[in-house]
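A.B. asks:
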Amino acid sequence: MTGFVTLADSLTLGAASTVNTGDTAWMLAATAMVLLMTPALGLFYAGLVRSKNTLNTFMMCVAALAVATVMWALVGYSIAFDEGNGLIGGLGHAFLNDVTFEPRDGTTIPHLLFFAFQATFCILTVALVSGAVVERMRFGPFLIFAALWSVLVYAVMAHWAFGGGWLQEKGTLDFAGGIPVEMGSGFSALAAALVVGARKDYGRQALLPHNAVYVLVGAGLLWFGWFGFNGGSGFSAGNSGVLAFTNTLLTPACTLAVWFLLDLVRGRQVTAIGAATAIIVGCVAITPAGGFISPGWAMVLGALAALPSYAVIVLRPRTGVDETLDVLAAHGVAGFFGILFIGFFAQLSWNGVSDGLVYGNASQLGWQALAAVAAPAYAFGMTFVLLRVIGAFTQLRGSEHEEAVGMDIIHHGEEAYASGEGAILITPEAGIEEELAVAEPR
Amino acid sequence: MKLVIGIVRPDKANDVLEALYRAEVRGVSLSRVQGHGGELDRVETYRGTTVKMGLAEKARFEIAVSEEFIQPTIDALCEGGRTGEVGDGKIFVVPLERVIRIRTGETDDSAVTPST
Numbered sequence: 015m016t017g018f019v020t021l022a023d024s025l026t027l028g029a030a031s032t033v034n035t036g037d038t039a040w041m042l043a044a045t046a047m048v049l050l051m052t053p054a055l056g057l058f059y060a061g062l063v064r065s066k067n068t069l070n071t072f073m074m075c076v077a078a079l080a081v082a083t084v085m086w087a088l089v090g091y092s093i094a095f096d097e098g099n100g101l102i103g104g105l106g107h108a109f110l111n112d113v114t115f116e117p118r119d120g121t122t123i124p125h126l127l128f129f130a131f132q133a134t135f136c137i138l139t140v141a142l143v144s145g146a147v148v149e150r151m152r153f154g155p156f157l158i159f160a161a162l163w164s165v166l167v168y169a170v171m172a173h174w175a176f177g178g179g180w181l182q183e184k185g186t187l188d189f190a191g192g193i194p195v196e197m198g199s200g201f202s203a204l205a206a207a208l209v210v211g212a213r214k215d216y217g218r219q220a221l222l223p224h225n226a227v228y229v230l231v232g233a234g235l236l237w238f239g240w241f242g243f244n245g246g247s248g249f250s251a252g253n254s255g256v257l258a259f260t261n262t263l264l265t266p267a268c269t270l271a272v273w274f275l276l277d278l279v280r281g282r283q284v285t286a287i288g289a290a291t292a293i294i295v296g297c298v299a300i301t302p303a304g305g306f307i308s309p310g311w312a313m314v315l316g317a318l319a320a321l322p323s324y325a326v327i328v329l330r331p332r333t334g335v336d337e338t339l340d341v342l343a344a345h346g347v348a349g350f351f352g353i354l355f356i357g358f359f360a361q362l363s364w365n366g367v368s369d370g371l372v373y374g375n376a377s378q379l380g381w382q383a384l385a386a387v388a389a390p391a392y393a394f395g396m397t398f399v400l401l402r403v404i405g406a407f408t409q410l411r412g413s414e415h416e417e418a419v420g421m422d423i424i425h426h427g428e429e430a431y432a433s434g435e436g437a438i439l440i441t442p443e444a445g446i447e448e449e450l451a452v453a454e455p456r
Numbered sequence: 009m010k011l012v013i014g015i016v017r018p019d020k021a022n023d024v025l026e027a028l029y030r031a032e033v034r035g036v037s038l039s040r041v042q043g044h045g046g047e048l049d050r051v052e053t054y055r056g057t058t059v060k061m062g063l064a065e066k067a068r069f070e071i072a073v074s075e076e077f078i079q080p081t082i083d084a085l086c087e088g089g090r091t092g093e094v095g096d097g098k099i100f101v102v103p104l105e106r107v108i109r110i111r112t113g114e115t116d117d118s119a120v121t122p123s124t
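Chains R and P supply the protein sequences, listed in that same order. Residue numbering for the first sequence follows the numbering used here, starting at 15 and increasing by one per position. Residue numbering for the second sequence follows the numbering used here, starting at 9 and increasing by one per position.
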């Protein structure tokens, strides 16, 4: 993802302009691993909502697989990765124009594979934002939002960080997406929660996760996928990829351990859903820093990153903001923390690119701080405006009655846990189709 | 003594519990049931299979009360359970022959009154 690092890697390999089959093999696998993260996130989110919204919550992630992929191929990839100006890429690669087997500049993998790998990031990020609006936002407007957001917010921020945009030009380091993926989704989620509004029962009833096992399995699969996400962001099987891969093991493990301690101090019990959350927080924190900091500092990062996210998760439900699945705490805050951490502890001897403040390069911290201000501001502002505009044309959420019945029956005509008892088959042969008295579910 | 059985929408169960609490009705059993009360059916589709769901999920309250609590219990069920749409449910009040509290062996009215 970071052109500079990969360029350095490729130069040391002495193969800047040809495709390397070893790198390509790893990136093919990494792409598939990252794609798995979206259904994994669907499972994670589905477990966190009430049973009557299981399918709708999962389907928002599935929707990203469809909508974000199509938008990415049509225009998003070009906006992010074509040469343009500092703020936005050009349209030279729109409709996959000129995306071929030739190596992508600065990498040793085919451009087509580079496109696919980046697509999986866009898909996942769109799915992440849905966590802010589950259990109430209508499915149709969400599809429109997902399509526009993937271009207007994700692709633009990806350009800034990876596509030759102004942050990358300045020298901001973001290994695997702390800017577009983590801060992009987290602060957009806050804006989305504010525009769409709280669930009708929020603050009145206990709205509990309906299946903690889904949450744990989802978190486990996300962690697995994250090895492709971070490990693939060096675009090679070289040093930076190996470093990021290993740090993706170390950081979340430390976050998990510290989260256990925080849980013990706060409630005297270690919670399962807390553990699942900690895995995500740790993976998010190492995302921007993966290929830039030493394994030792990665472990410190994991331990420290638990603190701000834990605080936001404890405090957020006491506010009126129903940012339902804590995308801000898990992604926005942890991503912010990881981006700043690079500014202090980046180490030239490990990354071959730049030192941080602790190793004598204070300016790096400045570039990181710039990103930590600009990225949240853009994500929040653009998402806020986008949802307001969509909301001017269509209702973003259904009636209280629809919310009470549940999104699964209202929007999908299915239930996650259908028993089939009392269900009567409708067949055209039986001739009962026409005379059915069917109403909106009551 | 009567056994008041209230069948309400599952999403109104919490409102009913709140209303019962306010009416100082304390002993409550709640179960999930499926039923049909004349409301229109909903149709669901699973791949090629389309079905008419004849039964709707309901919450069934069972509350054994002494005479003075019969009306407050009914009022609470109505207040908490009503949306005004078809499918709000029903209340059945049936006579109760005997009540025994297992722990103490108390019977009838003293058994349906919460011990302090």
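Each residue gets a CB set at the ideal place from its N, CA and C atoms; glycine is no exception.
1. What residue range does the beta strand (DSSP E) around residue 439 of chain R cover?
2. Taking 6 Å as the cut-off, does the CB of residue 376 of chain R come closer than this to any heavy atom belonging to the ligand MN?
3. Tell me the rounded alpha-carbon separation between residue 291 of chain R and residue 265 of chain R.
4. Output needed in chain order: residues of the segment 134-161 of chain R with a Cβ under 7 Å from some Cβ in chain P.
5. What did DSSP end up calling residue 13 of chain R once you bin it into helix, strand or coil?
6. So is residue 424 of chain R in contact with chain P if we call contact Cβ pairs under 7 Å?
7. Using a Cβ-Cβ cut-off of 6 Å (strictly less than) and excluding sequence neighbours within five positions of residue 81 of chain P, which residues of its own chain qualify?
8. Pairing CB atoms from the segment 33-49 of chain R with CB atoms from the segment 388-398 of chain R, are three or more of them under 8 Å?
9. Can you list, in chain order, the stretches of the alpha helix (DSSP H) that have 4 or more residues and sit fully within the segment 155-229 of chain R?
10. Are the beta-carbon atoms of residue 16 of chain P and residue 67 of chain P separated by less than 7 Å?
11. Nearest CA to the CA of residue 150 of chain R: which residue from R:209, R:433 and R:397?
12. What's the gap between the Cα of residue 44 of chain P and the Cα of residue 97 of chain P?
13. Bridge partners for residue 115 of chain R per DSSP, in chain order?
14. Using C-beta distances below 6 Å, list every residue in its chain close to residue 51 of chain R, excluding the 5 sequence neighbours before and after it, in chain order.
15. How about residue 47 of chain R and residue 161 of chain R: are their beta carbons less than 7 Å apart?
16. From R:305, R:381, R:185 and R:174, pick the residue whose C-alpha is nearest to that of residue 194 of chain R; which is it?
17. Rounded to whole angstroms, what is the Cα-Cα separation between residue 248 of chain R and residue 119 of chain R?
18. Going along chain P, which residues have a C-beta under 7 Å from residue 435 of chain R?
19. Does the segment 89-103 of chain R touch the segment 218-235 of chain R, meaning 3 or more C-beta pairs lie closer than 8 Å?
20. So, are the CB atoms of residue 159 of chain R and residue 424 of chain R less than 7 Å apart?
21. Closer than 8 Å is the cut-off here; do at least three beta carbon pairs connect the segment 178-189 of chain R with the segment 406-417 of chain R?
22. So, does the CB of residue 60 of chain P fall closer than 7 Å to a CB anywhere in chain R?
23. Out of curiosity, what's the CA-to-CA distance linking residue 452 of chain R and residue 60 of chain P?
24. Scan the segment 69-93 of chain P and note each continuous alpha helix (DSSP H) run of 4 residues or more that stays entirely inside, going in chain order.
25. Taking residue 102 of chain P as part of the beta strand (DSSP E), name the residues at either end of that continuous run.
26. Please classify residue 24 of chain R as buried or exposed, where buried requires at least 16 neighbouring CB atoms within 10 angstroms.
27. Assign residue 28 of chain R to one of three DSSP states: helix, strand, or coil.
C.D. replies: With the given structure in hand:
1. 437-439
2. Among the components of this structure there are no ligands whatsoever, and the ligand MN is therefore not found.
3. 14 Å
4. none
5. Chain R is shown only over 15 to 456; residue 13 of chain R falls outside these bounds and no answer can be derived.
6. no
7. 12, 33, 71 and 73
8. no
9. 170-175, 180-184 and 198-210
10. yes
11. R:209
12. 9 Å
13. Its beta-bridge partners do not exist; DSSP assigns none.
14. 138, 236 and 239
15. no
16. R:174
17. 13 Å
18. 42 and 63
19. no
20. no
21. no
22. yes
23. Unreliable positioning characterises residue 452 of chain R in this predicted model, as indicated by a pLDDT of 48, which lies under 50. The coordinate reading is nonetheless provided below. One C-alpha to the other measures close to 9 Å.
24. 78-89
25. 97-103
26. Residue placement at residue 24 of chain R is poorly supported in this model, since its pLDDT is 44, which falls under 50; the coordinates still yield a value, given next. Answer is buried; the Cβ neighbour count reaches 16.
27. With a pLDDT of 45 at residue 28 of chain R, under the threshold of 50, the modelled position of that residue is not reliable, and the figure given next carries that caveat. Residue state, collapsed to three classes: coil.
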